[in-house]
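Visitor: Chains A and B supply the protein sequences, listed in that same order. Position 279 (the first sequence) corresponds to 382 in the numbering used here; numbering is contiguous. Position 246 (the second sequence) corresponds to 231 in the numbering used here; numbering is contiguous. We put the beta carbon where it would ideally sit given N, CA and C, even for glycine. Nothing here was measured: the structure is a model prediction, and the numbers come from that model.
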Amino acid sequence: MAIRVRAYVGACCVSALVALSSTAAAQDSGRADEPGALSGSPASTPPAITPPAIQHEQAPDYPEEARRLGIEGQVELVLTIDAQGRVQDVQVSAAAGHGFDESAVAAARKLVFTPALRGGGAVASRITYSYAFALPVSRSEPAPAAPTPAPVGAQPAGVEAAPAASTAAVEGGEVVVRSASPPREATRRALDQHELTVLPGTNGDAFRGLQSLPGVGRTPFISNNLIVRGDINESVYVDGTGIPYLYHFGGLSSVLPTEVLERIDFYPGNFSTRYGQEIGAVIDAHVRSPSDDGKLHGLAQVDFIDARVLAEGPVARTGWTFLVAARRSYFDLWLKPLLSGSSTALSGAPAYYDYQAILQRDFAAGGSLRLFFFGSRDDLSLVAGSSGADPTLAGAASQHVESWRIQALYTQKLSDASELRLTGSLGRFQANRLLGGESLNETAYPVDYRFEYRSKLARWLRLNVGTDSTFLPYKADATLPPILRLGQPPPGPFATGTLLTAYADHANLDAGAYAELEATPWQGARLVPGIRVDHTSETREWDVSPRITVRQDVVQGPPRTTVKAAAGLFYQQPLYYETNPIFGQTGLVNNRAAQYDVGVEQEITPSIEATLDGFYKRLDRLVVVGLRNQGSGNIYGLEALVRYKADARFFGWLSYTLTHSDRRDSAQGPTYAFDFDQTHILTAVGSYRLGRGWEMGARFRVVSGNPITPESDGYVDLNAGVNLALIGQPPNSDRLPLFHQLDVRVEKTWTFPVWKLRAYLDVQNVYDYQAAEDRIYDYDATKYEYAKGLPILPSLGIRGEI
Amino acid sequence: MRLARAVWGFATGVAAAVATSACSSDNFASAAKVDSVRLLASQVDLPFAREGETVTIRVLAVDGRASPIVPMAIYWMPAPCVDPSGDDYFACFAAYDPSSNGARSGPGGIPLTAGLDLTPFLAAGDSFSFAMPGGVIGSHPVVAGTRYRYGLAVAFVVACAGHVEIVRRDPGNPQASPIACVNAEHVPVAPSDYAIGFVRVYAYESLRNQNPVIDHVSYGGAAIRAPAGITAPRCTAGSENDCPKTDLDAVVPASSDEMNPLDVDPSGNPRREQIWVDYYTTGGQFGDDGRVLYDPIQGKLSSTATSFQASQQAGNATLWAVVHDNRGGTDWQSVPVVTR
């Protein structure tokens, strides 16, 4: 049984950071005619008043009407707060219309304060409070723009699966509500930080939470890829900087902990022209700002999988804020028992590490600079016995993967209508792997930058232009067998086959530029045409990628009805080893995809929305081992989603994805199912706050089994003494059994004056379903059974927050 | 960054090493249990031959069936397949396809007639010799990434309780066999009644490889003396898993662990061979069916013994220890096992 214990301090302390005007608070709370006024206090020498401070807040929704019309506004409120810190009354003192007032009042009613204090006792109070609603100039820019105050950085790590939904920053009693830009993509999903934190079955890992979204398939055990719309191609960015991998070894945890994230932009397809070199999906994680309330905050977490520390706060009197965090796994504690009954022995300590450090400063002229240093490391070392299947999979096996990056992100608001954003990074990536007599060593020093300029040309028209580039010098050496293509019968055990040796000392320079318009030419319409040009040094190829997204509100609502469509071309360079003259092929060009989306969004109630999205992706010029770019494929499907948006009590959704994904190695070859062609994906998620700090949630998934290639009795390789199965053709002609799994989570929160204590139980695979992950054949492939996935996996955690 | 997209592909290989060792099924009969017609090993007298040299292959074929009706026989395809495309053994099969180029005969002059008993045209017995063709190295395409040019000859052997016939292959599967072991009614026999194997013999201009040598097999820490073998009391425990276990080890001297110029480290220095042992028996069972003896990096491993549990039935059995290196070198010893 996995025991998960967490101590969590101060990551979500927006409430504690509010610095309300003490003058106003003192004046308001001193009124003798207010409930709870201190009637016994001498009028001439009133005791010192401590103003109320926010304990809990929820960002208002940006009114849909105002968002579509591109309107901004500010609402002034007067709040009456009782001696328990609850908001008793909300009055609008300065209205803004367009739905702003209703949204502000609704949000203010959910505020919870630490009550004002006079002479050590809690008293009722009245304060002024304002919400400023602003449309961001940059969709992905988390920092607010002038003239609103600089943001308070310790806002909740708003994690979402799309361009930003509402986020809040608080200062001086004012909340800036920053709406998402109107959608630039045909399909987008959004999850807030709370949803991802309490999503059952994920242990609060934001990236693993993405696997519950429509269009995202089930990732098999010990896999490190997301399966999105029948494809495993995806690029992972951190604020626009590409990172080499998303998960630590085995997919147990992502390389960036949820606590340092503000949100995740997830584009399953037809993404903006600001992203290039990708034919699948894009994941762009945005790092949050450190706390800048003038206080130090800390986090310490220990659980069965890993231990973590985090600290953040101001760098005294410098205007800078900082955040540092680190994590170390306990991978070895459960792997050792797993291997104790086998002939495999651990010779080292398998573990992963990751670390993050942020320095940030905002400048008066609308500029902001953030330095972010982050890295990760994975180690695994063991000695395996003879496998009986391939002696190469025996003997010493080890893996060391390490990477770090330092990134600078600078944003500057140039005017009310324009701003620029510049990101640069450099880093190091190293991987050393050894498996029997095979080895692979790589070292790379990636340097990249990304620049974007955004400007509002007219009330109905914005222009986004940008460039990005990656310079990648690397060295690699490899002693490996030739790479097989899918379905190719194995030539024999690697142990007795021919090993190839290759050295590389090379550098790639890839660059791209794009321009994109965001037009709202008539009511309810939104057109986003764009074009991107990329140059890839490895293939010496120029690629031009036109893309367009169109949205139209056919019913303004409420309830609103929107139809949408998108189309575009996408290119992706071959993997680095595919162009290696030893292991790969020469003369390759970039892989290509043409993507098409159509869909409809139907608002049913203010809390419930349904969406239906259809997609088609035509893949061609795919690199195939030995056949250059002869590969092709077709992916199409439907995604249906009915979602109850998160409110104070409940969030949940029901999604269903129907997908078909096939591949063909050449025009003469057979068409076969893609490795992770999961025809049906049904996900139901719900979480309910029961009151008194209790919250209970569940997730249920039903997913088609992955395709597999049948095997039968074949030949004996007498050089190695092993049987080689006869591999069925075409590949993936059979399928694993249906997968289904129930995960539940129960959580209890105790709230104290200055801190919170949270305990939770997250149970994966509640009814211990023995999911089939693969077929295992006996030595001569005359019998098989299924390799089973993870059993029931309870995780108990405790978390404290200050 | 495309550089690291393959990072975890290799990691999956490492995971597979773990998984195959830790997650293999207990429901399957062990590969070490010999209860059918099996080809267990082959030994080439010149694992790395030179052009023109005569090469002799000896095969360890065992009929482990309890009461065979048709005896097992060993047949060799009369001519080795030279330099098949991509070094793939199955690239040799097309030459035996009856529809191949309209040819009436295949390699070695065997008739390409489906349904015809081929055994008169095949070499029989547990050994087979051929001359490594001249020009086999020169005719082999240069393989980028290899340090030495080489040629390849592939010999095919069939252990069959029946006779061998040409069969029509599945045209969509290049791996499909052109021959089958069939019974008198021309029906393919069950998998337990035949095995088809192949042996690769490499030709190099200068490289040699010596077969590893088993100095002795030890049982309970003591060398097993031929021809006495092992005598063990019959296990009377309720389950075979509860039977007493005794250490069994194949002792291979360090002189067998040769340098392997084909496998180099990042500095270009050759590593040593990998040597492992596989165990087989007609009675009893092993703790591990195989053990690594020498690792290319770590050299001789400190723990190499497996365990052996005698059968629950009294009687005679045989145990084989087959040692391989990763360049095609092999040696084996058979050990009589008497369970009383």
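#1: Hey, would you say the C-beta of R536/A is under 7 Å away from at least one heavy atom of the ligand ZN?
#2: Mapping the DSSP letters down to three states, classify D316/B as helix, strand or coil.
#3: Just to make sure I have the definition right: I need the residues of chain A whose C-beta is within less than 9 Å of the C-beta of R154/B. Which are they?
#4: Give a yes or no on whether 8 Å exceeds the smallest Cβ distance from K886/A to chain B.
#5: Starting from A384/A, follow the alpha helix (DSSP H) in both directions and report where the run begins and ends.
#6: Cα-Cα, which of V363/A, P684/A, A770/A and D750/A is closest to D723/A?
#7: Under 8 Å: do the region 423 to 437 of chain A and the region 453 to 460 of chain A share three or more Cβ pairs, one atom per stretch?
#8: Between R43/B and chain E, is the shortest Cβ-Cβ distance under 8 Å, so that the two count as touching?
#9: Using beta carbons (cut-off 8 Å, strictly below), is D20/B in contact with chain A?
#10: Expressed to the nearest angstrom, what Euclidean distance is found between the alpha-carbon atoms of T266/B and V308/B?
#11: Going by CA-CA distance only, name the one from P709/A, W853/A and P810/A that's closest to P833/A.
#12: Could you give the distance in angstroms between the alpha-carbon of P138/A and the alpha-carbon of Y234/A?
#13: When we look at the beta-carbon of N826/A and count the other beta-carbons within 10 Å, is it buried (16 or more) or exposed?
#14: Identify which residue in H389/A, D637/A and V195/A has its Cα closest to the Cα of Q380/A.
#15: Distance, Cα to Cα, A295/B vs A388/A?
#16: Closer than 9 Å between beta carbons: that is the criterion. Which residues of the region 194 to 208 of chain B meet it against chain A?
#17: Kindly identify the DSSP beta-bridge partner or partners of N826/A.
#18: Mind checking L841/A: buried by the 16 CB within 10 Å criterion, or exposed?
#19: Would you mind giving the Cβ-Cβ distance between R767/A and G736/A, rounded to the nearest angstrom? I have them listed as a contact below 8 Å.
#20: Leaving out five residues before and five after Y81/B in sequence, what residues of the same chain have Cβ atoms less than 7 Å from its Cβ?
#21: With DSSP as the reference, identify every bridge partner of F271/B, one or two as the case may be.
#22: For K230/B, collect the residues of the same chain with a Cβ closer than 8 Å to its Cβ; drop the 5 residues on either side in sequence, then sort them by chain order.
#23: Are the C-beta atoms of S446/A and some chain B residue less than 8 Å apart?
#24: My output table needs one value for R902/A: the three-state DSSP class, helix, strand or coil.
#25: Give me, in chain order, the residues of the same chain whose beta-carbon lies closer than 8 Å to that of A(-9)/B; leave out the 5 immediate sequence neighbours on both sides.
#26: Which value, in whole angstroms, describes the spacing of the CA atoms of D263/B and D865/A?
#27: Buried or exposed for H328/B, going by 16 or more other Cβ atoms inside 10 Å?
#28: Locate the alpha helix (DSSP H) running through V311/A, then write down its first and last residues.
#29: Who are the neighbours of F183/B on chain A, taking C-beta pairs under 7 Å?
#30: Quick check: the region 173 to 189 of chain A against the region 212 to 224 of chain A, are there 3 or more CB pairs under 8 Å?
#31: Using the beta-carbon count (16 or more within 10 Å), is S59/A buried or exposed?
#32: Three or more C-beta pairs under 8 Å: does that hold for the region 845 to 858 of chain A against the region 874 to 891 of chain A?
#33: Taking the CB atoms as reference points, tell me whether G37/B and A116/B lie closer together than 8 Å.
#34: To the nearest angstrom, how far is it from the Cα of P176/B to the Cα of D248/B?
#35: Does the CB of G491/A have a neighbour CB from chain B at under 8 Å?
#36: For N835/A, count the other beta carbons within 10 Å of its own beta carbon; 16 or more makes it buried, fewer makes it exposed. Which is it?
Guide: Reading from the atomic positions:
#1: Within the structure as shown, the ligand ZN is missing, as the structure has no ligands at all.
#2: Here residue 316/B is taken as the residue at index 331 of the second sequence, counted from 1. Collapsing the DSSP output to three states places D316/B in a strand.
#3: Sequence index remark: in the second sequence, residue 154/B carries index 169 (1-based). Here the premise fails: no neighbours, minimum Cβ distance about 11 Å.
#4: For the purposes of this step, residue 886/A is taken as the residue at position 783 of the first sequence. True, the Cβ-Cβ gap to chain B drops below 8 Å.
#5: For the purposes of this step, residue 384/A is taken as the residue at position 281 of the first sequence. Premise fails: A384/A lies in the beta strand (DSSP E), A384 to V390, not in any alpha helix (DSSP H).
#6: In the first sequence, the residue the question calls residue 723/A occupies position 620. Measuring from the Cα of D723/A, the nearest candidate turns out to be A770/A.
#7: The region 423 to 437 of chain A vs the region 453 to 460 of chain A: in contact.
#8: Within the model displayed, chain E is absent; protein chains A and B are what it includes.
#9: Your numbering for residue 20/B matches position 35 in the second sequence. Not a single C-beta of chain A is nearer than 8 Å to the C-beta of D20/B.
#10: Counting from one through the second sequence, the residue named residue 266/B turns up at place 281. Counting from one through the second sequence, the residue named residue 308/B turns up at place 323. When the Cα atoms are used, T266/B and V308/B turn out to be separated by approximately 15 Å.
#11: Counted from its first residue, the first sequence places residue 833/A at position 730. Comparing Cα-Cα distances from P833/A to each of P709/A, W853/A and P810/A, the minimum goes to P810/A.
#12: For this step, residue 138/A is matched to residue 35 along the first sequence. For this step, residue 234/A is matched to residue 131 along the first sequence. Legend: pLDDT at P138/A = 29, less than 50; position of this residue unreliable, value from coordinates given subsequently. Taking the straight line joining both Cα atoms gives about 25 Å.
#13: As a working mapping, residue 826/A is identified with position 723 in the first sequence. Result: buried.
#14: Numbered from 1 along the first sequence, position 277 holds the residue referred to as residue 380/A. Out of H389/A, D637/A and V195/A, D637/A has the C-alpha closest to the C-alpha of Q380/A.
#15: On the second sequence, position 310 is the one that residue 295/B refers to. On the first sequence, position 285 is the one that residue 388/A refers to. Rounded to the nearest angstrom, the two C-alpha atoms are 60 Å apart.
#16: If the cut-off is 9 Å between Cβ atoms, the region 194 to 208 of chain B has nothing near chain A.
#17: As a working note, residue 826/A is residue 723 in the first sequence. DSSP lists V819/A as partners of N826/A.
#18: Here residue 841/A corresponds to residue number 738 of the first sequence, with the count starting at 1. Taking all protein chains shown into account, L841/A has fewer than 16 neighbouring C-beta atoms within 10 Å of its C-beta and is therefore exposed.
#19: Taking the first sequence and counting its residues from 1, the one referred to as residue 767/A is at position 664. Taking the first sequence and counting its residues from 1, the one referred to as residue 736/A is at position 633. The C-beta distance from R767/A to G736/A rounds to 7 Å, short enough to fall under 8 Å.
#20: Locating residue 81/B in the second sequence gives position 96, where the first residue counts as 1. Here the set comprises G91, L97, I151, P163 and I164.
#21: Position 286 of the second sequence, counting from 1, holds the residue named residue 271/B. BP columns for F271/B point to F293/B.
#22: Position 245 of the second sequence, counting from 1, holds the residue named residue 230/B. Hits under 8 Å: G272, S292, F293 and Q294.
#23: By one-based count along the first sequence, residue 446/A stands at place 343. Low local confidence applies: a pLDDT of 47 at S446/A is under 50, so the model's placement there is unreliable, with the coordinate-based value given in what follows. With 8 Å as the cut-off, S446/A counts as an interface residue toward chain B.
#24: As a working mapping, residue 902/A is identified with position 799 in the first sequence. The three-state secondary structure of R902/A, taken from DSSP, is strand.
#25: Working through the second sequence from its first residue, we reach residue -9/B at position 6. Its pLDDT being 40, under 50, A(-9)/B is placed unreliably in this model, and the value from its coordinates should be taken loosely. Answer for A(-9)/B: no residue qualifies.
#26: The residue labelled residue 263/B in the question sits at position 278 within the second sequence. The residue labelled residue 865/A in the question sits at position 762 within the first sequence. C-alpha separation (whole angstroms): 44 Å.
#27: Examination of residue 328/B is not possible in this model, given that chain B is present from -14 through 325 alone.
#28: For the purposes of this step, residue 311/A is taken as the residue at position 208 of the first sequence. Before going on, a small fix: residue 311/A reads as Arg here, not Val. For R311/A, the enclosing alpha helix (DSSP H) begins and ends at A309 to G312.
#29: Against the second sequence, residue 183/B aligns to sequence position 198. Under the 7 Å cutoff, chain A gives Y818, D820 and L821.
#30: In short, these stretches touch, since the Cβ pair count reaches three.
#31: Look at the range of chain A in this structure, 104 to 905, and you will see that residue 59/A is not part of it.
#32: No contact exists between the region 845 to 858 of chain A and the region 874 to 891 of chain A.
#33: Working through the second sequence from its first residue, we reach residue 37/B at position 52. Working through the second sequence from its first residue, we reach residue 116/B at position 131. Contact flag set, yes.
#34: Working through the second sequence from its first residue, we reach residue 176/B at position 191. Working through the second sequence from its first residue, we reach residue 248/B at position 263. Approximately 36 Å, taken between the alpha carbons.
#35: For the purposes of this step, residue 491/A is taken as the residue at position 388 of the first sequence. Residue placement at G491/A cannot be trusted, given a pLDDT of 44 that sits under 50; what the coordinates show is reported in the next sentence. Taking a beta-carbon distance threshold of 8 Å, G491/A counts as an interface residue toward chain B.
#36: The sequence position of residue 835/A within the first sequence is 732, counting from 1. N835/A comes out buried.
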